[in-house]
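Visitor: Each residue of the sequence shown is one higher than the one before, counting from 29 in the numbering used here.
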Amino acid sequence: MESCTKNQELQNEQLTHIESNNEDTKLNFNAKRGWISSIFILGASFGLNISSGAWYTNLIVFLITVFNIKNIPAAQINNIFSGLICFFPFIAAIFADSAFGNYSVTLFSSLISLLGVIMFTLIVTIKSMRPPSCALNTITCTSPTTTQYAFLYIALTMASLGLGGTRFVLGTMGADQFDKPQHQASFFNWFIFSLYVGWIIAYTLLIYIQTSVSWALSFVIALLANLLAAVLFFVGSRFYRKFPPRGSPFTSIARVFVAAFRNKKSVGDGEDCYFHENEDSKLAYGPPSDSLRFLNQAAKIKHNENQEQCPIMTKSWTLCTVEEVEDVKKLIKILPLWTSSMLLSGVIGVILSFTVLMALVMDRRIGKSTLKIPAGTFTVITLILTAITSSTLDRFIYPAYTKLTGRKLTFLQCIAVGHISNIIASIGFALIERQRLRSFQARDQIDWPNDVAPLSALWLAFPLALLGIGEGFYFSPEIAFYYQEFPKALKTTSTAMVSLHIAAGFYMSSAFIDIVGRNSSWLPNDLNLGRVDNASWLLAIIASINFVYFILCAMFYKYNVVSHSNDMKSGPR
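(1) What are the start and end residues of each continuous alpha helix (DSSP H) run of 4 or more residues lying completely inside the segment 224 to 290, in chain order?
(2) For the beta strand (DSSP E) that contains L483, what are its first and last residues?
(3) Terminal residues of the continuous alpha helix (DSSP H) containing W550?
(4) Taking the C-alpha atoms as reference points, what is the distance between T433 and I497?
(5) Taking the alpha-carbon positions, what's the A127 to R321 distance?
(6) What are the boundary residues of the alpha helix (DSSP H) that includes K586?
(7) Within the continuous alpha helix (DSSP H) that includes M386, where are the two ends?
(8) Would you kindly work out how many angstroms separate the C-alpha atoms of L483 and S138, rounded to a whole number?
(9) What three-state label does DSSP hand I92 in the structure shown?
(10) Ignore the nearest five residues each way along the sequence and tell me which others in F406's own chain have a CB closer than 8 Å to its CB.
(11) If I'm right that I151 touches M186 with Cβ under 8 Å, what's the distance once you round it to whole angstroms?
(12) My output table needs one value for R195: the three-state DSSP class, helix, strand or coil.
(13) How would you label N96, buried or exposed, when you count the other beta carbons within 10 angstroms and need 16 or more for buried?
(14) Any idea if V284 is buried or exposed, counting beta-carbon neighbours within 10 angstroms, 16 or more meaning buried?
(15) With a CB to CB cut of under 7 Å and the five nearest residues on each side skipped, what residues in its chain are close to N450?
(16) Among residues of its own chain, excluding the 5 on either side of C581, which ones have a beta-carbon nearer than 8 Å to its beta-carbon?
(17) Checking 8 Å against the spacing of the C-beta atoms, do L76 and N254 come in under that value?
(18) Could you round the C-beta distance between C114 and I530 to whole angstroms and report it? I think they count as a contact, below 8 Å.
(19) Going by DSSP, what residues sit across from D391 in a beta bridge?
(20) Suppose the cutoff is 6 Å on Cβ atoms and the five residues either side in sequence are ignored; what does the same chain contact list for K586 look like?
(21) Determine the burial state of S522: buried for a count of at least 16 other Cβ atoms within 10 Å of its Cβ, exposed for fewer.
(22) Can you check which of these residues, G226, Y181, K208, is closest to R195 by C-alpha distance?
(23) What's the gap between the Cα of I69 and the Cα of S79?
(24) Determine the extent of the alpha helix (DSSP H) in which K431 is found, giving its start and end residues.
(25) How about A287 and A82: are their beta carbons less than 8 Å apart?
(26) Suppose only complete runs of 4+ residues qualify. What are the alpha helix (DSSP H) ranges in the segment 60 to 93, listed by chain order?
(27) State the beta-bridge partners of Y302 as determined by DSSP.
(28) With DSSP as the reference, label K400 as helix, strand or coil.
(29) Would G144 and A183 qualify as a contact pair, given that the criterion is a beta-carbon distance under 8 Å?
(30) Could you give the C-beta distance for G545 and I220, rounded to a whole number, given that I count them as a contact under 8 Å?
(31) Given this structure, state the Cα-to-Cα distance separating K328 from D542, to the nearest angstrom.
(32) Using the C-alpha atoms, what's the distance from F468 back to N556?
(33) For S66, is the classification buried or exposed, using 16 other Cβ atoms within 10 angstroms of its Cβ as the cut-off for buried?
(34) Could you have a look at K155 and say whether DSSP puts it in helix, strand or coil?
(35) What whole-angstrom Cβ distance do I237 and V408 have, given they're in contact under 8 Å?
(36) What residues in its chain sit with their C-beta under 8 Å from that of A568, if we drop five residues either side in the sequence?
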């Protein structure tokens with residue numbers, strides 16, 4: 029009998045060992061297959077970013093030089109469609125989660141992007157699609173016709189839909205190919221790398237081709253890049269792991285408010301009883317928290333009901349779980365911080381628009397040579413510094429701060445650094461523009477007969493670098509902060525929320541330019557007759573007030589996780 033028992037134990041150990049090996053093999057197989065499928069996803073992301081960069085990175089210059097649109101209206105159009113590009117990922121995430129899945133949304137969006145680039149190619153190759161060309165700031169320039177405007181706006185909308193519909197959905201789809209968090213994190217590093225490299229190529233090579241060779245060639249390259257990206261993504265279809273749509277999490281959010289309103293008069297004589305979906309949820313959450321108590325009514329069971337006697341009780345528009353109620357409370361707590369980020373994005377949008385306009389009327393030569401830096405290329409400085417800062421946070425900045433202070437940086441502290449850097453950058457632009465106006469007024473009209481001031485545009489590199497460092501400090505930590513603090517049901521939507529406040533910021537920047545332009549003489553079509561420096565000072569004041577608002581919100585905010593996971597070293601990345 030004892031021998032049989034030992035044999036049985038030995039067999040169980042062998043079976044356990046075999047199952048463990050099988051599980052390791054399965055995970056390794058999934059990782060290998062995940063990297064195979066991610067090659068197609070990363071390649072598609074790289075090609076789509078090059079393609080979109082051909083029209084987006086130099087859009088203001090395109091509108092001014094190709095479509096004869098005035099400076100300020102061109103900046104406003106740029107901000108409007110920049111907002112759309114950041115708003116569409118949020119819509120795409122909802123469609124992907126609730127109805128169609130990541131694969132279908134990405135494939136459809138890449139084809140829409142291709143149609144948009146085709147329309148841009150037609151604009152620059154067929155003369156009837158655009159107004160006749162003319163010299164910069166010439167009064168006699170022919171304005172675009174209604175048909176030309178319509179074709180332009182359709183092209184911009186299609187291209188924006190394509191870019192917005194693939195940017196974040198591709199990242200989520202790539203992470204879905206892996207099981208282990210470390211593999212997912214590694215994929216995101218490569219995904220961000222492909223995004224930045226694609227945009228840097230667009231900001232340098234394609235903009236150089238547009239300004240020094242031809243617009244047509246740059247859009248043909250963009251067309252080929254988009255086509256190859258769509259084909260590459262489709263070819264990898266059989267390797268992808270595809271998850272069915274999980275349903276919109278926003279439905280449960282709406283149900284909480286509706287149920288709380290319907291049950292607001294519900295009272296009971298005894299101890300309050302709240303609805304939990306299962307025992308695990310009851311142990312994890314217990315009764316609802318005391319904050320925002322009016323929402324607790326959504327999970328409150330009426331006094332004449334008994335949860336033990338109602339096993340078929342389910343979630344409805346009159347009864348929600350405690351977990352759903354707490355999830356809504358988390359969102360409400362984050363909203364004030366989210367609005368401060370929205371204002372920050374608005375200031376950045378205005379500054380980037382001013383950068384291109386200022387560069388057009390500054391000396392863009394490198395030294396004494398005749399080689400000129402394209403006006404749209406200057407913003408690549410911000411992109412490069414953002415990439416460098418983001419990649420060095422974990423490796424150098426956080427360890428150095430911990431070594432010096434003995435403490436670890438939190439998400440909100442890093443975001444605060446981004447706010448401060450943004451304020452200093454706004455002041456830097458104001459000082460440079462003031463000096464540009466002085467140099468223009470004191471210029472020798474024989475050597476400088478045109479509207480360009482004899483001040484090197486390379487001065488713009490300093491505030492642009494500060495802007496990039498600030499974005500590096502607040503963008504990555506903000507994504508990590510939302511990922512940690514958002515409800516579990518909204519983890520995939522948390523990144524899209526970042527994109528949503530960027531979209532709102534761009535619309536705010538367009539409104540700022542419009543209001544200042546209507547109520548002052550600071551922003552005329554000819555910047556040499558205006559006071560962009562005053563507008564930049566106003567931006568610095570707005571950014572400072574917003575920073576105080578952010579500090580107040582951060583002081584009263586309590587992290588959902590009470591452990592050390594809310595610091596930047598151990599928190600989600």
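By construction, the Cβ of each residue, glycine as well, lies at the ideal position given by its N, Cα and C atoms.
Guide: Looking at the atomic coordinates:
(1) 235 to 240, 243 to 263, 278 to 290
(2) 481 to 484
(3) Counting along the chain, W550 falls outside any alpha helix (DSSP H), and DSSP gives it neither H nor E.
(4) 21 Å
(5) 33 Å
(6) That residue, K586, is in no alpha helix (DSSP H); it is neither H nor E in DSSP.
(7) 350 to 388
(8) 42 Å
(9) helix
(10) T383, V384, A387, A485, L488, A489, L492
(11) That pair is no contact at about 12 Å.
(12) helix
(13) buried
(14) buried
(15) L372, V375, I376, L495, G498, A571
(16) P364, L365, S368
(17) yes
(18) 4 Å
(19) S484
(20) none
(21) buried
(22) G226
(23) 15 Å
(24) 426 to 433
(25) no
(26) 87 to 93
(27) K328
(28) strand
(29) yes
(30) Not a contact, Cβ separation roughly 36 Å.
(31) 49 Å
(32) 8 Å
(33) buried
(34) helix
(35) Wrong, their Cβ atoms sit about 15 Å apart, outside the cutoff.
(36) I451, S454, I455, A458
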